[in-house]
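Heads up: the sequence shown begins at 1 in full-length UniProt numbering, then just goes up one per residue. Don't be surprised by glycine CBs; every beta carbon is placed ideally from N, CA and C. Predicted model only: the values in this text are computed from it and were never measured. To keep things clear, I will list the structure first and then write my remarks on it.
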Amino acid sequence: MDAQLNVFQTVAELKHFSRAAEKLHMTQPAVSQQIRALEDSLGVRLMERNNKGVSLTNAGELVLHYAKEINGQYRKMREMIDELLHFTGGPLAIGASYTFGEYALPATIARLHLEFPGIRPSIAIGNTADIADRLRARELDLAIVEGSEYGTGVEAERLANDRMYIAAGAGHPLAGGEPVGPERLSEEIWMVREEGSGTRAATDRMFASLGIRPARLMELGSTQLIKETVEAGLGVTLQSRLALRKELGLGSLKLLLVEGIPVKRDFYVLLRKGELRTRTMEVFLQTLQEETERLLID
1 MDAQLNVFQT VAELKHFSRA AEKLHMTQPA VSQQIRALED SLGVRLMERN
51 NKGVSLTNAG ELVLHYAKEI NGQYRKMREM IDELLHFTGG PLAIGASYTF
101 GEYALPATIA RLHLEFPGIR PSIAIGNTAD IADRLRAREL DLAIVEGSEY
151 GTGVEAERLA NDRMYIAAGA GHPLAGGEPV GPERLSEEIW MVREEGSGTR
201 AATDRMFASL GIRPARLMEL GSTQLIKETV EAGLGVTLQS RLALRKELGL
251 GSLKLLLVEG IPVKRDFYVL LRKGELRTRT MEVFLQTLQE ETERLLID
């Protein structure tokens, strides 16, 4: 790995020389020297110091983009060398959209730790669009998302089918078990995720297919916040059965009886197009498949 690019990327991401030095186990003067040497070799200033830390120049933003790609390629090369030695272990950067990452992935990670303790997973959670972008930027090795809006440069493999239901708080007027039609649902406040989320895309498709025209949408940034707001009695939401398991068991949320529900969608594994898979990735994917099937059957 190019030492100067590695130091530069660390400083740029932490926006602080002393924190970067601590993370890299270097002295701060040594970090500064590496940055100056990189700037001298390129003939341009990459960083500006200020009272709050460090900011990048336009040239610095460009160098950071390529530094991530170069450092990612170097890391992949080392992983492939380990693969040649039949080694199962090392770091594995996993991305996941919110629903899968928060409600399905933990079981896979727990089993992976028991059976393959040499694998060191790190998890990044975000909406589908953000996770796909991070995979393309080589910040992640693979990703699991819901929906099919993930753009170019990646290939998708279907993992499992998900079922989504409309839920309301236990004390909500619609939670009595009677069928509910589109007109009545249109009168409700709908708790939805932000644009770019797979759950939001599924919700919008449901509105169109069932003829629901919500009087008001309340956009919230996490599934947990949506569930707690609905539990408190405000509005309704469409969510994966995976995300609703605990609340349905406790009785704090109830499923509404609506024609055309559940909504079905697929979870996908995303990989960068044309890249080889390490043994570590194959072990993870096998464990992921088995644990996901178990969760969706329960």
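In this structure, the CA atom of Leu220 is about 44 Å from the CA atom of Pro29. Within the same chain, Cβ atoms closer than 7 Å to the Cβ of Leu210 are found at Pro182, Gly260, the five residues on either side in sequence being excluded. In chain order, Ala170 place their CB closer than 8 Å to the CB of Gly251, counting only its own chain and leaving out the 5 sequence neighbours on each side. DSSP, reduced to helix, strand and coil, places Arg19 within a helical segment of the structure shown. For the pair Gly101 and Ile125, the CB atoms are nearer than the 9 Å cut-off.
The stretch 203-260 is shown to contain whole beta strand (DSSP E) runs of 3 or more residues at 216-219, 236-240, 253-255, in chain order. For Asp141, the three-state secondary structure derived from DSSP is coil.
Arg158 and Glu39 have their C-alpha atoms spaced approximately 45 Å apart.
Cβ atoms of Ala93 and Leu270 stay farther apart than 8 Å, at about 13 Å. Put simply, of Val54, Arg265, Asp141, Ile109 the residue whose alpha carbon is nearest the alpha carbon of Leu276 is Asp141.
Leu174 has no beta-bridge partner at all, per DSSP. A contact between stretches requires three or more CB pairs, one per stretch, nearer than 8 Å, and the stretch 171-181 fails this requirement with the stretch 107-119. Around the beta carbon of Tyr103, 16 or more other beta carbons sit within 10 angstroms, so the residue counts as buried. Just so you know, the alpha carbons of Glu61 and Leu248 end up roughly 47 Å apart. With fewer than three CB-CB distances shorter than 8 Å, the stretch 68-85 does not count as touching the stretch 41-56.
Here DSSP, grouped into helix, strand and coil, assigns Leu135 to helix. In summary, Asp133 is buried, with 16 or more beta-carbon neighbours lying within 10 Å of its beta-carbon over all protein chains present.
The C-beta of Ser41 has fewer than 16 other C-beta atoms within 10 Å across all chains shown, which makes the residue exposed. Annotated three-state conformation of Ser55 is strand, per DSSP. According to the DSSP assignment, Ser186 belongs to the alpha helix (DSSP H) that extends over 182-186.
Cα atoms of Thr99 and Phe267: separation of roughly 10 Å, rounded to the nearest angstrom. Setting aside the 5 residues that flank it on each side, Pro91 is surrounded in the same chain by Arg120, Ser122, each with a C-beta closer than 7 Å to its C-beta; the list follows chain order.
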